[in-house]
Amino acid sequence: NNSGDFEELVGYLRMARAKVKEAHLDTELIYAFARTNKLGDLEEFIAAPNVAQITTVGERCFDEGMFEAAKLLFNNAGNNARVAVCYVRLGAFREAVDAATHANSVSTWKEVNAACVEADEFRLAAICGLHIIVHPDHLEELILHYERAGHSDQLIELLEQGLGMEGAHAGIFTELSVLYSRYLPDKLMEHLRIFWSRMNTPKVLRA
29 NNSGDFEELV GYLRMARAKV KEAHLDTELI YAFARTNKLG DLEEFIAAPN
79 VAQITTVGER CFDEGMFEAA KLLFNNAGNN ARVAVCYVRL GAFREAVDAA
129 THANSVSTWK EVNAACVEAD EFRLAAICGL HIIVHPDHLE ELILHYERAG
179 HSDQLIELLE QGLGMEGAHA GIFTELSVLY SRYLPDKLME HLRIFWSRMN
229 TPKVLRA
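Heads up: the sequence shown begins at 29 in my numbering, then just goes up one per residue.
If you want it as structure tokens, here you go:
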């Protein structure tokens with residue numbers, strides 16, 4: 029479609045589709061709906077039987093900044109991780125957290141957490157953060173992100189919440205000790221007294 033007239037293309041593809049069912053036609057029709065912002069038509073179309081490459085068009089829409097359309101397509105495809113990222117791009121952080129809950133993957137939690145921290149949505153960031161800090165391999169990266177953004181208070185609150193979690197590991201107790209020594213030294217001795225057996229003592233001493 030060299031003319032860029034997607035309105036005309038919608039009409040043409042509708043007519044063509046009445047005669048033949050083909051993946052290419054359905055796929056291009058969905059994209060044309062997105063380009064003309066006919067999101068109601070798009071939603072109705074993908075809810076009915078079709079042979080379109082839904083995820084492919086979703087990625088194309090996402091890459092071109094059509095996040096509302098991409099969200100509808102990824103939702104239809106059951107790809108909650110991509111739905112969450114669409115909500116992030118749309119600034120809908122509560123919805124992004126809901127979608128991340130359904131996706132339940134560390135990479136999605138990290139992306140939504142980072143966006144919430146950047147937007148000062150710390151309560152929502154903490155919901156994500158609690159799903160991240162239980163993974164020792166991802167804890168230090170999260171700490172760096174909060175510290176570089178100047179949010180040490182919110183970081184300490186997050187790790188304090190994590191102490192009572194079922195998945196709490198030595199890294200959480202250790203890193204909280206390091207953060208106390210750096211930002212809240214008055215709380216350090218009490219923390220060490222209660223949890224000394226659950227942390228990496230040499231790392232705390234080096235701090």
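C-beta atoms are modelled at their ideal positions from N, C-alpha and C, and glycine is treated no differently.
Cβ-Cβ distances below 6 Å link R151 to nothing in the same chain once the five nearest sequence neighbours on each side are left out. When DSSP states are grouped into helix, strand and coil, V162 belongs to the coil group.
Sequence-distant Cβ neighbours of Q182 in its own chain, meaning closer than 6 Å and more than five residues away, are F150. The shortest C-alpha to C-alpha distance from L37 to any of L53, M193, K47 and I161 is the one to L53.
Non-local beta-carbon contacts of V206 in its own chain, meaning distances under 8 Å to residues more than five positions away in sequence, involve K231, V232 and A235 in chain order.
With a 10 Å radius around the Cβ and a threshold of 16 neighbouring Cβ atoms, H159 comes out buried. Taking 8 Å as the cut-off, the beta carbon of E71 is found closer than this to the beta carbon of L100. The beta carbon of T83 sits closer than 6 Å to the beta carbons of A105 from its chain, once the five residues preceding and following it are set aside; these are given in chain order. DSSP, read as helix, strand or coil, puts H197 in coil. As the crow flies, the alpha-carbon of V162 is around 42 Å from that of R63.
The residue from N108, E146, D91 and A147 with its alpha-carbon nearest to that of T136 is N108. Linking M217 to G68 through their CA atoms gives a straight-line distance of about 60 Å. DSSP assignment within the segment 80-127 yields the following whole alpha helix (DSSP H) runs of 4 residues or more, N-terminal first: 82-91, 95-105 and 108-117.
With a 10 Å radius around the Cβ and a threshold of 16 neighbouring Cβ atoms, K47 comes out exposed.
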